[in-house]
Amino acid sequence: MDPADSITAAHVGWLHFWRLAEASRLESEPATITDDAVLAQKYFQEAVALNPNDARYAGFLASATLVEGSIDHEEKTTRRGYFMLLDAIKQWPEFNLFTAGYVMSGAPAASKQFKQAIDWEWQNLDVCVGEKVDRHTASYAKYLKQETTEGKKRVCWNSWIAPHNFEGFFLNMGDMLVKAGDWQTARDVYRNAQLSTSYETWPYRKVLEERITHAQENAVLFNASKSAGAKYAPIMVNSEFSCTGCHAK
């Protein structure tokens, strides 16, 4: 590894985040899995130091800090991660509103953190299309003509690095709304993913279709305790496709 290369440092950070985020893929999760949060923070800290102008690194450093604080039950670290997220959102809202909302979507549904996370996802849609998206219908079809591969708004759509970013975004947001109990609006949000021209090649389209069918019952399952014998279903952030939902081809 080149110690002076911010891209390499960030890639190592993302690999640790990936292993932590999709730990449910493992046959059994080792206690040391939490070390990946520490290592992700370390490498994103290096990436930010080497390239402070890349707001993606700032957003992931904030997320790693927030996750580490949550794991260690350290309020000071958690609070620091939260304010780092706010700074990252200012730098690149189209990217970091999603990052912030996603990392906080694991909070309890009744918590102010989770409610903030949902609000950030709505704001993410607003900044992507330049107006307030209807909070009742979540209708997005009229905005498809804005799709771009250039500038800061490119992250609102699919790209080579996230070939199903559009679909994954609406799968996650639908999950969050279901968890909040608003499964009716969630169904409309889920259906936005089907507007993508690449939807038929998306590896997780069947997951989305099942989410639409079972939205009402998932409002209970997404909030259940992950204890032995309990009927439970993970939302996207806690699933084995936490990252690949957007990034897998």
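According to my numbering, the sequence shown is numbered sequentially starting from 310. Glycine residues also receive a C-beta, built at the ideal position from the N, C-alpha and C atoms. This structure is a prediction, so every number in the text was calculated from the model and none was measured.
Counted within 10 angstroms of its Cβ, other Cβ atoms place residue i as buried (16 or more) or exposed
i	result
Asp484	buried
Lys488	buried
Asp396	exposed
Leu335	exposed
Thr341	exposed
Trp323	buried
His325	buried
Ala528	buried
Ser315	buried
Glu383	exposed
Distance between residue j and residue i (C-alpha atoms, nearest Å)
i	j	result
Arg520	Trp431	20 angstroms
Thr457	Arg463	5 angstroms
Ala542	Tyr508	23 angstroms
Arg389	Val347	15 angstroms
Ser468	Lys385	37 angstroms
Thr446	Leu480	16 angstroms
Leu517	Arg328	23 angstroms
Trp511	Ala539	30 angstroms
Asn532	Glu459	38 angstroms
Asp345	Glu377	9 angstroms
Ser372	Arg496	28 angstroms
Ile380	Tyr449	36 angstroms
Val412	Asn405	10 angstroms
Phe407	Tyr391	14 angstroms
Ile470	Cys555	9 angstroms
Lys515	Ala313	43 angstroms
Val357	Trp466	25 angstroms
Leu504	Leu486	19 angstroms
Ser536	Lys461	42 angstroms
Ala502	Met482	10 angstroms
Arg444	Thr374	31 angstroms
Thr506	Val436	22 angstroms
Trp492	Ser420	18 angstroms
Leu434	Ala418	21 angstroms
Gly490	Thr343	30 angstroms
Thr252	Leu530	Given that the chain is displayed from residue 310 to residue 558, the structure contains no residue 252 and the question cannot be resolved.
Thr494	Ile544	16 angstroms
Integer Cβ distance of residue i from residue j, believed to fall under 8 angstroms
i	j	result
His473	Ala349	Not quite, the Cβ-Cβ distance comes to about 23 angstroms (not below 8 angstroms), so this is no contact.
Met393	Leu370	7 angstroms
Ser414	Val546	5 angstroms
Ala416	Trp429	Not quite, the Cβ-Cβ distance comes to about 12 angstroms (not below 8 angstroms), so this is no contact.
Ser333	Ser548	7 angstroms
Cys552	Glu331	6 angstroms
Tyr513	Phe550	6 angstroms
Run of the alpha helix (DSSP H) containing residue i, from where it starts to where it stops
i	result
Gln425	Lys421 to Val438
Ala330	Ser315 to Ala330
Leu394	Glu384 to Gln400
Cys555	Thr553 to His556
Phe478	Asn474 to Lys488
Leu370	Ala364 to Asp381
Thr506	Run containing Thr506: none; DSSP gives neither H nor E here.
Thr522	Arg514 to Thr522
Glu355	Asp344 to Leu359
Cβ of residue i within 8 angstroms of any chain C Cβ
i	result
Phe479	The chain labelled as chain C is not found in the depicted structure, where only one protein chain is given.
(request) Please determine if the stretch 409–425 and the stretch 451–464 are in contact, where contact requires at least 3 C-beta pairs separated by less than 8 angstroms. (result) no
(request) Evaluate contact between the stretch 438–451 and the stretch 523–537, counting only Cβ atoms and requiring at least three cross-stretch pairs below 8 angstroms. (result) no
(request) Determine contact between the stretch 393–408 and the stretch 357–367, defined as no fewer than three beta-carbon pairs at a distance below 8 angstroms. (result) Cβ pair count under 8 angstroms is three or more, so yes.
(message) For the stretch 340–355 against the stretch 315–326, do three or more pairs of beta-carbon atoms, one drawn from each stretch, fall closer than 8 angstroms, so that the two count as touching?
(response) yes
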